[in-house]
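Notes follow the structure.
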Amino acid sequence: MSEASGETGNGAHRSALKSAAPEKAFYFRNPVAQDACKVNDLVAASRPLDVNSLYCNLLQCTHFAQTCLLAEQDGEIRGWVSGYRPADDPTTLFVWQVAVHECARGRGLGIDLLQRFVRLPAAAGASHLKTTITPSNHASRALFTRFAEKEGLSLETRLWFDTVVHFAGRHESEILYSIGSLPLRDSSN
Ligand SMILES: CC(C)(COP(=O)(O)OP(=O)(O)OC[C@H]1O[C@@H](n2cnc3c(N)ncnc32)[C@H](O)[C@@H]1OP(=O)(O)O)[C@@H](O)C(=O)NCCC(=O)NCCS
31 MSEASGETGN GAHRSALKSA APEKAFYFRN PVAQDACKVN DLVAASRPLD VNSLYCNLLQ
91 CTHFAQTCLL AEQDGEIRGW VSGYRPADDP TTLFVWQVAV HECARGRGLG IDLLQRFVRL
151 PAAAGASHLK TTITPSNHAS RALFTRFAEK EGLSLETRLW FDTVVHFAGR HESEILYSIG
211 SLPLRDSSN
């Protein structure tokens, strides 16, 4: 495998991962506003993820674009990770959602997205990757557990949003996963 990377005009990170079969290459880049509809479609097709409003995806693709990453193949979005740096905790890099299109699953794209995500320039200075996972989402649990193992990081969990207290029984509890400590990187990485 060979890898190429560079900067787009707006400072966004763009890189390509080429495999032995060129048609299987994924191109990784930060999103732009024009991607929001396709991102919304991918998330909607990726059960059990909560579907967001299109407006929410537009904000992710603009205000939060530097902490979001998508994978394209043949011009189609096949993978997506959205995140942000919480204003009250800049040492955290929070993952909002990860989605891989059904046709691209089981080939390591989910892990690849997370590994690239923590190395984005906008992730510099973060000590922990955090996310929440519902107890029934085995695929997501496996993804983040494998990510922590592959990166040699420790993983801690605790209840964050409770099904009764915070969701009034309308949604499963969300368990907070905290993975770290991330190696200190500066924004040129
Ligand atoms: C979760 C998801 C992103 C995984 O994407 P992926 O590209 O298939 O993941 P990877 O191929 O990188 O697999 C990473 C690890 O997770 C494991 N895994 C992936 N899907 C799994 C599943 N359905 N059940 C059990 N383990 C699974 C893999 O076995 C792999 O571990 P391994 O290296 O030991 O084999 C994808 O299944 C998806 O989009 N699901 C729907 C949306 C969702 O639940 N998102 C996560 C919540 S934010």
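The sequence shown begins at 31 in this note's numbering and counts up by one. Cβ coordinates follow ideal geometry from the N, Cα and C atoms, glycine included. Note that the coordinates shown come from a computational prediction; the quantities given were computed from them, not determined experimentally.
Open item on the list: Between the alpha carbons of residue 185 and residue 141, how many angstroms are there, rounded?
Closed with: For the purposes of this step, residue 185 is taken as residue 155 along the sequence shown, with counting starting at 1. For the purposes of this step, residue 141 is taken as residue 111 along the sequence shown, with counting starting at 1. Whole-angstrom Cα-Cα distance: 15 Å.
- [ ] Could you tell me if the beta carbon of residue 158 falls within a distance shorter than 7 Å of some heavy atom in ligand 1?
- [x] In the sequence shown, counting from the first residue as 1, residue 158 sits at position 128. Outside the cutoff, so no.
Open item on the list: Taking the straight line between their C-alpha atoms, what separation do you get for residue 167 and residue 78?
Closed with: For this step, residue 167 is matched to residue 137 along the sequence shown. For this step, residue 78 is matched to residue 48 along the sequence shown. Going by the C-alpha atoms only, they are around 8 Å apart.
- [ ] Specify the secondary structure class of residue 174 as computed by DSSP and reduced to three states.
- [x] One-based indexing of the sequence shown puts residue 174 at position 144. Of the three classes helix, strand and coil, the one that applies to residue 174 here is helix, per DSSP.
Open item on the list: Please state the DSSP three-state secondary structure of residue 113.
Closed with: The residue you call residue 113 lines up with position 83 of the sequence shown. In the structure shown, residue 113 sits in a strand (DSSP, three-state: E or B).
Task: Option nearest residue 126 by Cα separation, candidates 172, 163, 62 and 211 - done: Numbered from its first residue, the sequence shown carries residue 126 at position 96. Nearest C-alpha to residue 126: 163.
Task: residue 96, enclosing beta strand (DSSP E) - first and last residue - done: Sequence index remark: in the sequence shown, residue 96 carries index 66 (1-based). No beta strand (DSSP E) holds residue 96; DSSP gives it neither H nor E.
TODO: Measure the C-alpha to C-alpha separation of residue 131 and residue 72 and round it to an integer number of angstroms.
DONE: Taking the sequence shown and counting its residues from 1, the one referred to as residue 131 is at position 101. Taking the sequence shown and counting its residues from 1, the one referred to as residue 72 is at position 42. Spanning the alpha carbons of residue 131 and residue 72 requires a straight line of approximately 7 Å.
Task: Proximity to residue 106 [Cα-Cα], best of 70, 180, 215 and 189 - done: Taking the first residue of the sequence shown as position 1, residue 106 is located at position 76. Residue 70 holds the alpha-carbon nearest to the alpha-carbon of residue 106 among 70, 180, 215 and 189.
Open item on the list: What residue range does the beta strand (DSSP E) around residue 139 cover?
Closed with: Counting from one through the sequence shown, the residue named residue 139 turns up at place 109. Run containing residue 139: none in the beta strand (DSSP E); it sits in the alpha helix (DSSP H), 139–147.
Open item on the list: Please state whether the Cβ-Cβ distance between residue 108 and residue 139 is less than 8 Å.
Closed with: Working through the sequence shown from its first residue, we reach residue 108 at position 78. Working through the sequence shown from its first residue, we reach residue 139 at position 109. Their beta carbons are under 8 Å apart, which means residue 108 touches residue 139 by this criterion.
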